[in-house]
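J.:
Residue numbers (mature numbering (1 follows the signal peptide of the UniProt record, and there is no 0)): -18 to -1, 1 to 340.
Printed below as a string of structure tokens:
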């Protein structure tokens, strides 16, 4: 190869190498620049995610955080600021809506805890005074007398109750707040019946753990606006109190907006059977009512006849038939079965059990 030819070839090779080196440097710069840009994107991504997290917190995705906007300042004071009435108690206070009130206690946690528990769920939505609940019994009416051991349909009317909503009482008891629909409380009611032991005017509160009948009415009102519960077997002879227990969907008692109001529930007292049951001190009671004609146990019908000119009037004399003579009840034997105490052995095994849980 001639020298003249070799020189140009060497020069061309040098230029090519220089271009390759510059290419590497440029690529390196581009790569680094790209990385830097990507790094910027990563930073932006982080900021965006942070913003999303904040939004999620606002949407209760972080449920362990109390939104400051939900703090109620009234809970920070005890209410004793010089304007209270004499005898008013100081309120318990908390700066964070009592969110940790149940710490260290047995939680309700959706269960019916017979030993007692602590529930941390808020009360929820409270209606206006124009949507407060009121209830009245349609059947039986107060003072009614019904036949023993025959079907009874308990019927009530309620205003401002969006009835027919109930949750699982075994796993969601008190587990969610009260809610409104169209301004009215969403929930249901119950019928509970207790034996008054033969005395319609008893001054002894009945045991709340004992009831003759209990049923949750988990349906909406019928065409007459009534909520009903049927007891197919009826009740044994005696004197009873029937009450409603109105609740929100999760079975908590309904919460009203003001203290001064009418009651949201109703109770009636009624008699099953004309005699009010029982055979306690029949002769003595008849003796009291008949001014010393103490033969009621043997001649109940005759005694009634003597006092009423032959008109057998059970309402005035306790028992209006000879075969029932001597079964007048307690201190009010002249009230046709409203006095005294009925025999506790009759039919109690069947009716002492809880028929319904909800």
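Backbone N, C-alpha and C define an ideal beta-carbon position, used for all residues, glycine too.
Cβ atoms of residue 94 and residue 151: under 8 Å apart, would you say?
T.: Contact flag set, yes.
J.: When you compare each of 248, 153, 252, 50 to residue 182 by their alpha carbons, which one comes out closest?
T.: Cα-wise, what sits closest to residue 182 is 252.
J.: How should residue 144 be labelled, buried or exposed, when 16 other C-beta atoms within 10 angstroms of its C-beta is the threshold for buried?
T.: It is buried - the Cβ of residue 144 has at least 16 other Cβ atoms within 10 Å.
J.: Beta strand (DSSP E) containing residue 196: first to last residue?
T.: Looking at the DSSP string, the run of the beta strand (DSSP E) that includes residue 196 is 195 to 199.
J.: For residue 52 versus residue 73, is the C-beta spacing smaller than 8 Å?
T.: It is not a contact, given that the beta carbons lie outside the stated cut-off.
J.: When the distance is taken between beta carbons, is residue 228 closer than 8 Å to residue 171?
T.: Taking 8 Å as the Cβ cut-off, residue 171 and residue 228 qualify as a contacting pair.
J.: Using alpha carbons as the reference points, say which of 99, 135, 153 lies closest to residue 224.
T.: Among 99, 135, 153, the Cα nearest to that of residue 224 is on 135.
J.: Flag this pair as yes or no: are the beta carbons of residue 96 and residue 208 separated by less than 8 Å?
T.: Against a cut-off of 8 Å, the Cβ pair of residue 208 and residue 96 comes out as no contact.
J.: Express the C-alpha separation of residue 66 and residue 173 in angstroms, rounding to a whole number.
T.: Residue 173 and residue 66: Cα-Cα distance of roughly 38 Å.
J.: For the structure I just gave you, are there three or more beta carbon pairs, one from the segment 225 to 244 and one from the segment 101 to 121, closer than 8 Å?
T.: At 8 Å Cβ cutoff, the stretches touch.
J.: Using the Cα positions of residue 155 and residue 104, report the straight-line distance between them to the nearest angstrom.
T.: Near 13 Å, if we compare the C-alpha coordinates of residue 104 and residue 155.
J.: Tell me the rounded alpha-carbon separation between residue 343 and residue 82.
T.: What the structure shows of the chain is the stretch from -18 to 340, and residue 343 is not part of that stretch, so it cannot be assessed.
J.: Quick check on residue 215: buried or exposed, where buried means 16 or more other Cβ atoms within 10 Å of its Cβ?
T.: When all chains shown are included, residue 215 counts as exposed.
J.: Give the list of continuous beta strand (DSSP E) stretches no shorter than 3 residues that lie fully inside the segment 196 to 237.
T.: Within the segment 196 to 237, the complete beta strand (DSSP E) runs of at least 3 residues are 208 to 213, 220 to 230.
J.: Leaving out five residues before and five after residue 239 in sequence, what residues of the same chain have Cβ atoms less than 8 Å from its Cβ?
T.: Closer than 8 Å at Cβ, skipping near neighbours: 108, 109, 110, 111, 114.
J.: Alpha carbon to alpha carbon, how far is residue 222 from residue 259? Give it in angstroms, no decimals.
T.: For residue 259, the pLDDT reaches just 38, beneath the cut-off of 50, and the residue's location in the model is therefore unreliable, leaving the point undetermined.
J.: Determine the direct distance from the alpha carbon of residue 236 to that of residue 68, and round the result to whole angstroms.
T.: Distance between the alpha carbons of residue 68 and residue 236 is about 29 Å.
J.: Assuming contact is defined by CB atoms lying nearer than 8 Å, are residue 254 and residue 212 in contact in what I supplied?
T.: Taking 8 Å as the Cβ cut-off, residue 254 and residue 212 do not qualify as a contacting pair.
J.: Buried or exposed for residue 177, please, with buried defined as at least 16 other CB atoms from any protein chain shown within 10 angstroms of its CB.
T.: So residue 177 counts as buried.
J.: Sort out for me which residues DSSP pairs residue 143 with in a bridge.
T.: Partner(s): 167.
J.: What are the residues that DSSP puts in a beta bridge with residue 138?
T.: DSSP, once it has assigned bridges, lists 119, 209 as partnering residue 138.
J.: Expressed to the nearest angstrom, what Euclidean distance is found between the alpha-carbon atoms of residue 142 and residue 193?
T.: Answer to the nearest angstrom: the Cα atoms are 28 Å apart.
J.: Bridge partners of residue 162, per DSSP?
T.: For residue 162, which the question treats as bridged, DSSP gives the partners 167.
J.: What residue does the beta strand (DSSP E) around residue 254 start on, and which one ends it?
T.: Where residue 254 is concerned, the enclosing beta strand (DSSP E) stretches over 249 to 254.
J.: How big is the Cα-Cα spacing for residue 168 and residue 48?
T.: Cα-Cα distance, rounded: 26 Å.
J.: In the DSSP output, which residue or residues are listed as bridge partners for residue 55?
T.: Answer is none; residue 55 lacks a bridge partner.
J.: Find out if the Cβ-Cβ distance for the pair residue 80, residue 99 is shorter than 8 Å.
T.: Their beta carbons are not under 8 Å apart, which means residue 80 does not touch residue 99 by this criterion.
J.: Is the separation between the beta-carbon of residue 84 and that of residue 102 shorter than 8 Å?
T.: Yes.
J.: With DSSP run on the structure shown, which of helix, strand or coil describes residue 240?
T.: In this structure, residue 240 counts as coil in the three-state DSSP scheme.
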